[in-house]
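Novice: Residue numbers (UniProt numbering): 1 to 447.
We put the beta carbon where it would ideally sit given N, CA and C, even for glycine.
These numbers were taken from a predicted model, which means no experiment stands behind them.
(1) On the three-state DSSP scale, how would you describe residue 314?
(2) For a quick check, are the C-beta atoms of residue 114 and residue 284 less than 8 angstroms apart?
(3) Measuring CA to CA, which of 402, 359, 396 and 203 is closest to residue 372?
(4) Compute the distance between the beta-carbons of residue 369 and residue 397, then report whether it is under 8 angstroms.
(5) What is the DSSP secondary structure of residue 165, counted as helix, strand or coil?
(6) Which ranges would you report for the beta strand (DSSP E) in the region 358–410 if only whole runs of at least 3 residues count?
(7) If residue 293 sits next to residue 242, beta carbons under 8 angstroms apart, how far is it from one beta carbon to the other, in whole angstroms?
(8) Is the separation between the beta-carbon of residue 400 and that of residue 382 shorter than 8 angstroms?
(9) Check whether the Cβ atoms of residue 192 and residue 184 lie closer than 8 angstroms to each other.
(10) Note down, in chain order, each residue of its chain lying with its Cβ closer than 6 angstroms to the Cβ of residue 301, except the 5 sequence neighbours on either side.
(11) Taking the continuous alpha helix (DSSP H) assigned at residue 304, which residues delimit it?
(12) Please identify the residue among 337, 404, 281 and 187 whose C-alpha is closest to the C-alpha of residue 219.
(13) My output table needs one value for residue 336: the three-state DSSP class, helix, strand or coil.
(14) Can you tell me which residues form a DSSP beta bridge with residue 148?
(15) When DSSP builds the beta bridges, which residues end up paired with residue 320?
(16) Following the continuous alpha helix (DSSP H) through residue 133, name the residue where it begins and the one where it ends.
(17) Helix, strand or coil: which one does DSSP assign to residue 206?
(18) Give me the Cα-Cα distance between residue 140 and residue 335, rounded to the nearest whole angstrom.
(19) Using a threshold of 8 angstroms, state whether the C-beta atoms of residue 387 and residue 354 are closer than that.
(20) Between 322, 127, 268 and 315, which lies nearest to residue 208 when the distance is taken from Cα to Cα?
(21) Opposite residue 230 in the DSSP bridges: which residues?
Given below as structure tokens:
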């Protein structure tokens, strides 16, 4: 356990350069490189825990299905381990099937939009607020990943009613008929929903979801994480939405919850992870880890207010618990975050842009964050808040990433070396790729 956070007389000014504002610019084929990211990866490589056993296989799930409640995956999945077959002669077949499946999207880019919002237990807002939160017409993404905490019900009410149907329906109206709800998963008041452009459905495989509770006795889902993994146009993607423990001094509890979620998520397709792999992120090209992570700014309310009045975001970010823990290698190793050029996202008087005026006078902090795995096929184009959304006591945060579609030659975009993929047996290739005569149904191929 780390020592309790103590109020200090002065905030510690760290030599952090002022970061420029990041603006959301629709990517073009000749777009200039994205702004430099602030790497959070530490030198030390500490294991995040042991994997749990594989879960039993279930029937395939079509787009729009909900992943269910805590502890249950929606299709066959394993933890961090996996089996690897010996050498075989099916590499050429895998290449042919790859060319057939991805021919229409190879060489293009996939635009992924991820956003997180703690709704403070309030009902689904009206369409005007939702359109401000998710201005789909100006975003024009291929994949939307919407993570929420305290969605529709408060944490206590979510013990009894956890449905997010009204929220999902409203999101569908905002996005329009050209998008399909690919998968959603709920853990009490924590929710994730992944929408994909309908024209990309045939390029979707390996769809899975899971949840890990980190609340009371690590059994109750008042805190925890929900995740969806999917391959889109040959790119393996993992989206993890979390609500980590609250309170100013609970830094070590947040770190522990982060590691527990990663160690216990069962979202890696079978046979796609080398046996020696110890990291969940190794199986994916794109990882987005986001949510109400609840890390606070060290200091006092008066000192933080004074720094905000002087627009000294660099000083406040130097006292940000998440960055301190990441730089020390205690959490978020291997992930990155873009420079933050927006104000703290919590805590506001609900429905206003005024920070907490209650007797508790909570310290303004960047509790709502989006981190991602740096990858040659993935570039971040925007990272900002929606300060004009006046509804909850949190401000939504969003990130836009552009991903190359033609990631690998053999039709699977894991982080495994090529020989691991090409050395699989015919059974393994069949598990990874849709059948030659696959067709009909809803157009989405899931294993």
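Specialist: Let me spell this out:
(1) Position 314 of the chain shown, counting from 1, holds the residue named residue 314. In this structure, residue 314 counts as helix in the three-state DSSP scheme.
(2) Here the question's residue 114 lines up with position 114 in the chain shown. Here the question's residue 284 lines up with position 284 in the chain shown. Result no, Cβ atoms of residue 114 and residue 284 do not sit closer than 8 angstroms.
(3) Residue mapping note: residue 372 aligns to position 372 of the chain shown, counting from 1. Closest option to residue 372, Cα to Cα, is 402.
(4) The residue given as residue 369 occupies position 369 in the chain shown. The residue given as residue 397 occupies position 397 in the chain shown. Cβ atoms of residue 369 and residue 397: closer than 8 angstroms.
(5) Within the chain shown, the letter at position 165 stands for residue 165. In this structure, residue 165 counts as helix in the three-state DSSP scheme.
(6) 368–372, 378–385 and 397–404
(7) Working through the chain shown from its first residue, we reach residue 293 at position 293. Working through the chain shown from its first residue, we reach residue 242 at position 242. Right, the Cβ-Cβ distance comes to about 6 angstroms (below 8 angstroms), so this counts as a contact.
(8) Taking the first residue of the chain shown as 1, we reach residue 400 at position 400. Taking the first residue of the chain shown as 1, we reach residue 382 at position 382. Cβ distance < 8 angstroms, so residue 400 and residue 382 count as in contact.
(9) Along the chain shown, one-based indexing puts residue 192 at 192. Along the chain shown, one-based indexing puts residue 184 at 184. Cβ atoms of residue 192 and residue 184: closer than 8 angstroms.
(10) Start at 1 with the first residue of the chain shown, and residue 301 comes out as number 301. Here the set comprises 361 and 363.
(11) Taking the first residue of the chain shown as position 1, residue 304 is located at position 304. Residue 304 -> alpha helix (DSSP H) spans 301–309.
(12) What you label residue 219 is simply residue 219 of the chain shown in a count that begins at 1. Selected option, being the one with the closest Cα: 187.
(13) The sequence position of residue 336 within the chain shown is 336, counting from 1. It is a strand residue.
(14) Reading the chain shown from its first residue, position 148 is the one you call residue 148. For residue 148, which the question treats as bridged, DSSP gives the partners 117 and 191.
(15) Residue mapping note: residue 320 aligns to position 320 of the chain shown, counting from 1. Its beta-bridge partners are 297.
(16) Looking up residue 133 in the chain shown gives position 133. Taken as a continuous stretch (DSSP letters only), the alpha helix (DSSP H) holding residue 133 covers 127–133.
(17) The count along the chain shown starts at 1 and reaches residue 206 at position 206. Strand, per DSSP.
(18) Locating residue 140 in the chain shown gives position 140, where the first residue counts as 1. Locating residue 335 in the chain shown gives position 335, where the first residue counts as 1. Those two C-alpha atoms are separated by around 26 angstroms.
(19) The count along the chain shown starts at 1 and reaches residue 387 at position 387. The count along the chain shown starts at 1 and reaches residue 354 at position 354. Cβ distance not < 8 angstroms, so residue 387 and residue 354 don't count as in contact.
(20) The count along the chain shown starts at 1 and reaches residue 208 at position 208. The shortest C-alpha separation from residue 208 is found at 268.
(21) Taking the chain shown and counting its residues from 1, one reaches residue 230 at position 230. According to DSSP, residue 230 bridges with 237.
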